[in-house]
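Asker:
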Amino acid sequence: MVGGVGACRGWGLYRVRGGGSAGSGWSGRGVVVGSGSVGGMQFGSGVPTVTVADLSDGDFLLDVREDDEWQAGHAANALHIPMSEFTARFGELTEAAPQDGKVHVICRSGGRSAQVTMYLAQQGFDAVNVDGGMQVWEASGKPVVDDKGQPGTVI
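Counting from 1, one number per residue, gives the positions in the sequence shown under full-length UniProt numbering.
1. Shortest alpha-carbon distance to I106 belongs to which of D131, Q150, Q123, Q71?
2. Around the C-beta of A78, are 16 or more other C-beta atoms found within 10 angstroms, so that it is buried, or is it exposed?
3. Between the Cα of A53 and those of H104, V154, L93, Q99, spot the shortest distance and give me the residue it belongs to.
4. Just the C-alpha distance for I81 and A88, rounded to the nearest angstrom, thanks.
5. State the start and end residues of the unbroken beta strand (DSSP E) segment that holds L62.
6. Among residues of its own chain, excluding the 5 on either side of V144, which ones have a beta-carbon nearer than 8 Å to its beta-carbon?
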């Protein structure tokens, strides 16, 4: 599995380091640009972030969780490309992403999606991280379905 600081460096992102504590961010126009720590990863400022409450039904959602997480529960209309397969399956995103809209990146809690958001921004995408991920999505009462389209749960 690709992850953590090594994954970011593999994508050419060198200002990421492990450790640290939660920091502050700033907001404007519905987007928070965060800094601090997510899941033990230290991020500098510049990771554009939105909350689950900021999302509209028609927003393009990219879920970067692993297959078992996806199968247990996900947002119904999300595109699923696991972070561990992201570079190999990048073409799927370029085909599916809206040409004039944001890519909202989500994972379980926000760490992996922040890494993918940084990579996408480097590639010229208008990408934003969904703060709190699927945990906040589910806690907010948004629908979660399993891989059979039945009610699901976030693991």
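Ideal Cβ positions, reconstructed from N, Cα and C, are used throughout, including at glycine.
Answerer: Taking the structure as given:
1. D131
2. buried
3. H104
4. When the Cα atoms are used, I81 and A88 turn out to be separated by approximately 10 Å.
5. 60-63
6. Same-chain partners within the cutoff: G73, H74, A75, M134, W137, E138, P151, G152, T153, V154.
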